[in-house]
């Protein structure tokens, strides 16, 4: 599980999983589409049809509070949207 860091469970991704058989994962920044495909097939036992990836940059933010300025940033990450074969699904909620 070095390539797949964690699955993305949001309303939009869950709806895509039910309608279009697409599931989202946060993956290693250096992983390519072939490595992601092989990792998902090995971890969940499904056939992957398509993999789309997106790189998200780190966002900086500044908050003005009573005690002064607080600065911070979010982490940069890579997101992969994986489409599985028709009739197959990935169940994130069942621990088998």
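In the numbering used here, the protein residues as written are 112 to 207. From the three backbone atoms N, C-alpha and C, an ideal C-beta is built for every residue, glycine too.
- Straight through space, the alpha carbons of residue 128 and residue 146 are spaced by roughly 21 Å.
- Contact between the region 128-144 and the region 193-201 is present: three or more C-beta pairs spanning the two stretches fall below 8 Å.
- Counting other Cβ atoms within 10 Å of its Cβ, residue 126 stays below 16 and is therefore classed as exposed.
- Taking the Cα of residue 144 as reference, the smallest distance to any Cα among 155, 189, 205 and 201 is reached at 189.
- Take the alpha-carbon of residue 180 and the one of residue 173: they are about 7 Å apart.
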